[in-house]
Amino acid sequence: MKKEEITTEQLVACIVEGIRNKKGLRIVAIDLRQIQEAPVEYMVIAEGGSTTQVNAIVDEVDDYVRTQTHIHPLAIDGKDNAEWVAMDYGTVFVHIMLRPMREYYDIENLWNDGTTIEYAAE
3 MKKEEITTEQ
13 LVACIVEGIR
23 NKKGLRIVAI
33 DLRQIQEAPV
43 EYMVIAEGGS
53 TTQVNAIVDE
63 VDDYVRTQTH
73 IHPLAIDGKD
83 NAEWVAMDYG
93 TVFVHIMLRP
103 MREYYDIENL
113 WNDGTTIEYA
123 AE
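Listed below in structure tokens is the structure:
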């Protein structure tokens, strides 16, 4: 696929596939396009069981999306402690977190006006 041919929905699907490749847990995407104040069109949230897995998921998402779409994240933040890593793809924010961080910050609830799509584990 060429970069200019990628829809946001296809980008989200590619990100989810990258997360699944490293056995990410509790994967959700939140469609925020109907929320005027939303900073992005989608947020993808998942968790890893350890900081090592969180970093492995982030690396896989970066590599997989780049290989499939030639799209690079604009920024990646949080890899040093790997408790919560955020990836910015412009129209999509990706949050890969440890479960305690995810439960504490509860991003899904902050954006519960959006449409949540849950992905089954593979």
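So in this note's numbering, the last spot in the sequence shown is 124, and the numbers never skip. Ideal Cβ positions, reconstructed from N, Cα and C, are used throughout, including at glycine. The structure displayed is predicted, hence computed values, not measured ones.
Asked: Roughly how many whole angstroms lie between the Cα atoms of residue 40 and residue 61?; Found: 26 Å
Asked: Using the Cα positions of residue 91 and residue 51, report the straight-line distance between them to the nearest angstrom.; Found: 24 Å
Asked: Measure how close the beta-carbons of residue 109 and residue 47 come, nearest whole angstrom, since I'm counting them as under 8 Å.; Found: 6 Å
Asked: Measuring from the CB of residue 38, is there a heavy atom of the ligand ATP at a distance below 7 Å?; Found: Inclusion of the ligand ATP in the displayed structure is not the case, the ligand content being empty and no account of it being possible.
Asked: Can you tell which of 66, 107, 106 has its C-alpha closest to the C-alpha of residue 75?; Found: 66
Asked: Give the list of continuous alpha helix (DSSP H) stretches no shorter than 4 residues that lie fully inside the region 50-77.; Found: 53-71
Asked: Report the partner residues of residue 46 according to the DSSP bridge assignment.; Found: 31, 96
Asked: For residue 1, count neighbouring Cβ atoms within 10 angstroms of its own Cβ and tell me buried if that reaches 16, exposed if not.; Found: The chain is shown from 3 up to 124; residue 1 falls before or after that span and cannot be answered.
Asked: What are the boundary residues of the alpha helix (DSSP H) that includes residue 109?; Found: 109-112
Asked: In the DSSP assignment, what are the bridge partners of residue 88?; Found: 79, 97
Asked: How would you label residue 111, buried or exposed, when you count the other beta carbons within 10 angstroms and need 16 or more for buried?; Found: exposed
Asked: CB-CB under 6 Å to residue 70, same chain, minus the five flanking residues each way: which ones, in chain order?; Found: 16
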